[in-house]
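A short worksheet on the structure shown next.
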Amino acid sequence: MGEKLLVFGGGGFVGGNLATVALHHGWEVHVAERVRFPGGLPGARWHLLDVREEAAVRGLLTDLAPRAVVDLAAVADIDRVEKEREQARAVNVEAARTIAAASAAAGAYCLYFSSDAVFAGTAAGYAEEDPPAPVNFYGRTKVEGEQAVRQADPRAGIVRLSLVLGFPVTEGNSFFAALEAKLKAGQEVAAPADEIRTPVDVLTLSECVLELLGLRYAGVLHIGSTDSIDRASLTRRAAELLGYPGARILAQAGGAPASGRAARHKNGIIRVDKARALLKTPLLSAEASIRRAIQERLQQDCGR
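The numbers in this note's numbering rise by one with no breaks, and the one at position 35 of the sequence shown is 44.
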C-alpha cells in the first residue's frame, strides 16, 4: 500500500478527480466529507466529519498520520458566500487554520486551495507576490484563509486557481457539467465576455498537485493555462467540442452585476511562470485545457 493522502472535500468535483488520479498513482487515499456520495471513488477510504469541528479534524489527523493533506473543503459559491458569510468564514478560514495546524502537528505536508478571486481583477496579470484586493466576500475569505494557513504552518503550500475545467466523478459543482446539462435541454447559455480567466483542466491540475505533494512545496503557487481566455469564448468552444452549435452561447456585455449576483473580478489573469519552471507536468494553453477536459468526458461516454 502506498503513502497516505488525506483529502478534505475529496468527494467534490476537484477532490474526486484528484483522489482518482492519486489512487492510480498508488497513493492510499482517504476522503474526509460530511456525507458519503453514492458509489463514489472505489478504493478510497471515507471519513465522515464536519471540518468546522476542530476536535474531529485533529483526531482524524492524529489517527491517520498521513504523509500529505489537501484542503479542498470550501464554501465556493460566490453568490451564496455573500449571503452566508459566517458559514463561509468558518469553512474557508477557520477550518483551513485547523487543518493546517493539525497537519503540522501530525508531521504531514498540507496544501491549501485558494483562488484568483483574491485579486481585484484590474491589472493585466497577477504574480504570486502581488497584493490581494478582493472585490467580493468569497475573495476576502480566501485571503484570510491563506493568511491563517501560513500562520498555522509556514511550510504549507497554497495553490491559487482561476477556473477548473472538467466533469465530476462523484458529486460537486462543475461549470462544464452545468453547461452540458443546459445544452442537452435545448437552452441557450449566457456567458460574460468581459470576465477573463486562466483555466486548467482537472486532470492536469491533479497531476500538478501530486508533484507538489512530492516536493512539499512551501508558499503560494499559481496553476493555470499558459494564456487566458474570456468566459464567453471559453463557453462557446466547450459547447462546440461537446457537439453543440456555438451560436447557442450568448456573449453578455459588461456592466453592473445582475440582481442577486455578487461582483466578480474581471481579469483573472494569473501568471504561471513559477509553476512552469518548478513542475515537470506541462501546463497547457487555454485551448488545449478545454480540449483535454472535453476529450476525457467523451472517452467516459464511449466507455459506458
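Note that beta-carbon positions come from the ideal geometry of N, C-alpha and C, so glycine has one too.
Note that the structure is a prediction, hence the values are computed from the model and not measured.
Whose C-beta lies closer than 8 angstroms to the C-beta of Leu2 among residues of the same chain, with five residues either side of it excluded? What the structure shows of the chain is the stretch from 10 to 313, and residue 2 is not part of that stretch, so it cannot be assessed.
At the level of alpha carbons, what is the spacing between Phe17 and Gly175? Approximately 20 angstroms between the Cα atoms of the pair.
Rounded to whole angstroms, what is the Cα-Cα separation between Asn320 and Gly21? This structure cannot settle anything about residue 320, because the visible part of the chain is limited to 10 through 313.
Could you give the distance in angstroms between the alpha-carbon of Val198 and the alpha-carbon of Ala113? CA-to-CA, the gap between Val198 and Ala113 works out to about 45 angstroms.
Using beta carbons (cut-off 8 angstroms, strictly below), is Arg169 in contact with chain D? Considering every chain present, this structure includes no chain D. It has just one protein chain.
Where Ile303 sits in the DSSP three-state scheme: In the structure shown, Ile303 sits in a helix (DSSP, three-state: H, G or I).
Measure the C-alpha to C-alpha separation of Asn276 and Asp239 and round it to an integer number of angstroms. Rounded to the nearest whole angstrom, the C-alpha separation of Asn276 and Asp239 is 9 angstroms.
Closer than 6 angstroms by C-beta to Leu250: which residues in its own chain qualify, once you throw out the five before and the five after it? Chain order, please. Same-chain partners within the cutoff: Ile303.
Using a Cβ-Cβ cutoff of less than 7 angstroms, which residues in the same chain neighbour Ser294 once the five nearest sequence positions on both sides are dropped? Cβ neighbours of Ser294 beyond the five flanking positions: Ser234, Thr235 and Asp236.
Taking its Cβ as the centre, do 16 or more other Cβ atoms sit within 10 Å of Arg313, making it buried, or is it exposed? Reliability of the predicted coordinates at Arg313 is poor, the pLDDT of 48 falling under 50, and the value obtained from them is presented with this limitation in mind. An exposed status is given to Arg313, since fewer than 16 other beta-carbon atoms sit within 10 Å of its beta-carbon.
State the start and end residues of the unbroken beta strand (DSSP E) segment that holds Ile258. Its beta strand (DSSP E) spans residues Ile258 to Gln261.
Within a Cβ cutoff of 6 angstroms, which residues of the same chain sit near Tyr226, ignoring the five residues on either side of it in sequence? Taken in chain order, the residues that qualify are Gly166.
Could you please give me the residues that DSSP links to Phe146 through a beta bridge? For Phe146, which the question treats as bridged, DSSP gives no partner whatsoever.
Gly166 - containing beta strand (DSSP E), residue span: Per DSSP, Gly166 belongs to the beta strand (DSSP E) from Gly166 to Leu170.
Go ahead and pull the three-state DSSP assignment for Leu27. If DSSP states are grouped into helix, strand and coil, Leu27 belongs with the helices.
Quick one: complete beta strand (DSSP E) runs, 3+ long, within the region 29-93? Qualifying beta strand (DSSP E) stretches, in chain order: 37-42, 54-57 and 77-80.
Do the region 91-111 and the region 52-72 make contact, defined as three or more Cβ pairs closer than 8 angstroms? Contact holds: three or more Cβ-Cβ distances are below 8 angstroms.
So, is Arg273 buried or exposed, given that buried needs 16 or more other C-beta atoms within 10 angstroms? Residue burial is scored here from C-beta neighbours: Arg273 has at least 16 other C-beta atoms within 10 angstroms and is therefore classed as buried.
Return helix, strand or coil for Gly223, following the three-state DSSP convention. Looking at Gly223 - three-state DSSP - the assignment turns out to be helix.
Among residues of its own chain, excluding the 5 on either side of Ala161, which ones have a beta-carbon nearer than 7 angstroms to its beta-carbon? Arg106, Ala109, Ala110 and Ala113.
Reducing DSSP to helix, strand and coil, say where Ala232 ends up. Strictly speaking, residue 232 in this sequence is Ile, with Ala absent from that position. It is coil, neither helix nor strand.
Does the Cβ of His231 have 16 or more other Cβ atoms within 10 Å, making it buried, or fewer, making it exposed? Classification of His231: buried, given that the 10 Å Cβ count is 16 or more.
So what's Arg313 in DSSP terms, helix, strand or just coil? For Arg313, the predicted model reports a pLDDT of 48, less than 50, meaning its position is unreliable; a value from the coordinates is still stated below. Per DSSP, reduced to three states, the secondary structure at Arg313 is coil, with no helix or strand assignment.
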